[in-house]
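Take a look at the structure set out below.
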Amino acid sequence: SGILSLRPTLGSSGSILLNHCLRAHLRLEENYNVTACLPSPWGSYEPSKIGSPPSQASWHELVDVYDVDGTTKIGNATAWEAQTSCLWHRTVYVILRLPDERFLLQQRAVWKWRMGGLWDLGLSETVELDEDLWTAANRAVTEELGEHAPRHHLRECCRLSVGWSGSMPQMQVCQADHNIVFTALGEERLDYGQRDAEVEALEYWTMEEYKHQAEVEPFRFAPWVHALILGCSECFGPKTAEL
Numbered sequence: 001s002g003i004l005s006l007r008p009t010l011g012s013s014g015s016i017l018l019n020h021c022l023r024a025h026l027r028l029e030e031n032y033n034v035t036a037c038l039p040s041p042w043g044s045y046e047p048s049k050i051g052s053p054p055s056q057a058s059w060h061e062l063v064d065v066y067d068v069d070g071t072t073k074i075g076n077a078t079a080w081e082a083q084t085s086c087l088w089h090r091t092v093y094v095i096l097r098l099p100d101e102r103f104l105l106q107q108r109a110v111w112k113w114r115m116g117g118l119w120d121l122g123l124s125e126t127v128e129l130d131e132d133l134w135t136a137a138n139r140a141v142t143e144e145l146g147e148h149a150p151r152h153h154l155r156e157c158c159r160l161s162v163g164w165s166g167s168m169p170q171m172q173v174c175q176a177d178h179n180i181v182f183t184a185l186g187e188e189r190l191d192y193g194q195r196d197a198e199v200e201a202l203e204y205w206t207m208e209e210y211k212h213q214a215e216v217e218p219f220r221f222a223p224w225v226h227a228l229i230l231g232c233s234e235c236f237g238p239k240t241a242e243l
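Each residue of the sequence shown is one higher than the last, beginning at 1 in our numbering.
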């Protein structure tokens, strides 16, 4: 209920300021921290309150940790350590687009500690230890859309590093993601077999629908959604330029 009751609202003028703020931060040469543009409604990041991860297995899996440029692997950490201690790691997104330019969004399951109930981009996965990017992208499609899901014209379209930190109702988040974004041709059908329980819903949206919701309730979306749509416009079609 905290997600629903504490979302800030902006209005059109606020949306313009948000876009300007994000564009300015995305031009930085390193550490693309967009926290100032989208501060958490639950307060600032407090490292002293990190605590212990939940029992869910994915929090305990190892991921590769990279330098700020994303070019050099410098070690590994658990997913919990990476997401709460500002450790640079890799995340893949697969943005499915329809011929009419609608693109896929997924609602994260409400029970998730990190960004639960918020809308996220397409299909996504944290890249696992020693996993190559194409394997991770295909795993995202299989796990979040279904084992029989097609992968028409899957290709990498953008790389963008984004950082964000803040308090959430169940955890402290300080994430630093080297995002690798793929795009593929989608289909209206979204039932391709059993999918991950972490996915609450999947829907195709127009850019106009996204823009309207972002103006009214920016924190209806995970913070990196706005940054990736603006910073990786080539993955979403010509209407992104109108934002």
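Ideal Cβ positions, reconstructed from N, Cα and C, are used throughout, including at glycine.
Fair warning: this is a prediction, and the values are worked out from it, not measured in the lab.
Keeping to the same chain, check which residues put their C-beta closer than 6 Å to that of residue i; ignore five residues upstream and five downstream.
{"i": "Gly43", "result": "Ser167"}
{"i": "Tyr192", "result": "Leu145, Gly146, His148, Ala149"}
{"i": "Cys232", "result": "Cys158, Leu160, Val181"}
{"i": "Gly237", "result": "Glu101"}
{"i": "Arg90", "result": "Val127, His178"}
{"i": "Lys49", "result": "Gln172"}
{"i": "Glu30", "result": "Model confidence at Glu30 stands at a pLDDT of 48, short of 50, so the residue's coordinates are unreliable; what they give is reported in the following sentence. Answer for Glu30: Val68, listed in chain order."}
{"i": "Pro47", "result": "none"}
Apart from the five residues on each side of it in sequence, which residues of its chain come closer than 7 Å, Cβ to Cβ, to residue i?
{"i": "Asn138", "result": "Arg151"}
{"i": "Glu187", "result": "Pro150"}
{"i": "Glu234", "result": "Cys157, Cys158"}
{"i": "Arg220", "result": "Arg7, Leu118, Trp119, Gln213"}
{"i": "Gln194", "result": "Gly146"}
Is the separation between the beta-carbon of residue i and that of residue j shorter than 8 Å?
{"i": "Gln56", "j": "Val173", "result": "no"}
{"i": "Thr35", "j": "Trp164", "result": "yes"}
{"i": "Ala222", "j": "Met115", "result": "yes"}
{"i": "Cys37", "j": "Ala176", "result": "no"}
{"i": "Asn33", "j": "Leu230", "result": "no"}
{"i": "Leu22", "j": "His212", "result": "no"}
{"i": "Val162", "j": "Trp113", "result": "no"}
Tell me where the beta strand (DSSP E) around residue i begins and ends.
{"i": "His153", "result": "152-167"}
{"i": "Arg90", "result": "88-97"}
{"i": "Val173", "result": "172-185"}
Classify residue i as buried or exposed, calling it buried when 16 or more other Cβ atoms lie within 10 Å of its own Cβ.
{"i": "Ser40", "result": "buried"}
{"i": "Pro254", "result": "As displayed, the chain neither begins before 1 nor continues past 243, which places residue 254 out of reach and without an answer."}
{"i": "Glu125", "result": "buried"}
{"i": "His153", "result": "exposed"}
{"i": "Leu105", "result": "buried"}
{"i": "Leu228", "result": "buried"}
Starting from residue i and walking both ways along the alpha helix (DSSP H), at which residues does that stretch end?
{"i": "His226", "result": "223-231"}
{"i": "His212", "result": "207-216"}
{"i": "Thr71", "result": "No alpha helix (DSSP H) holds Thr71; DSSP gives it neither H nor E."}
{"i": "Val141", "result": "133-145"}
{"i": "Ala82", "result": "79-84"}
Might you give, ordered along the chain, the residues of its own chain that have their beta carbon closer than 8 Å to the beta carbon of residue i, omitting 5 neighbours on each side?
{"i": "Arg155", "result": "Phe182, Thr183, Ala184"}
{"i": "Tyr66", "result": "Thr72, Lys73, Ile74, Trp88, His89, Arg90, His178"}
- Message: Within 8 Å, do at least three Cβ pairs link the stretch 193-204 to the stretch 98-118?
- Response: yes
- Please determine if the stretch 86-99 and the stretch 120-135 are in contact, where contact requires at least 3 C-beta pairs separated by less than 8 Å. yes
- Query: Is there contact between the stretch 76-93 and the stretch 49-67, where contact requires at least three CB pairs shorter than 8 Å?
  - Reply: yes
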